[in-house]
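Down below is the structure, laid out as structure tokens.
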Amino acid sequence: MGRTNPQPVDLVDEGFVLGCEPVAAQLQETGQENQAAFLRKVAQQVNQCLLK
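In the working numbering, the protein residues as written are 15 to 66.
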């Protein structure tokens with residue numbers, strides 16, 4: 015029987031991390047440097063969790 019409540023690790027994968035950089039680059043191009051930096055930091059932290 016499958017889980018009805020997915021765990022957080024099930025909701026975020028490598029695809030999320032890889033998808034963050036193009037979005038961060040677009041944010042930076044539109045002058046939203048703080049948001050881009052935040053997104054990159056989140057992606058880095060998620061990646062570290064995935065590698066454990």
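All residues carry an ideal CB built from backbone N, CA and C; glycine is no exception.
Identify, in the order they occur along the chain, each residue of the same chain with its Cβ nearer than 8 Å to the Cβ of residue i, setting aside the five sequence neighbours on each side.
i	result
leucine 53	Cys34, Val37, Ala38, Leu41
Can you find the residues in the same chain that come closer than 7 Å, C-beta to C-beta, to residue i, ignoring five residues on each side of it along the sequence?
i	result
glutamine 49	Leu41
Between the options, which has its C-alpha nearest residue i's C-alpha?
i	options	result
leucine 32	Ala57, Ala51, Glu43	Ala57
For residue i, which three-state DSSP category applies?
i	result
valine 60	helix
lysine 55	helix
glycine 45	coil
valine 26	coil
When you compare only the Cα positions, how much space is there between residue i and residue j?
i	j	result
glutamate 28	asparagine 61	7 Å
lysine 55	valine 26	15 Å
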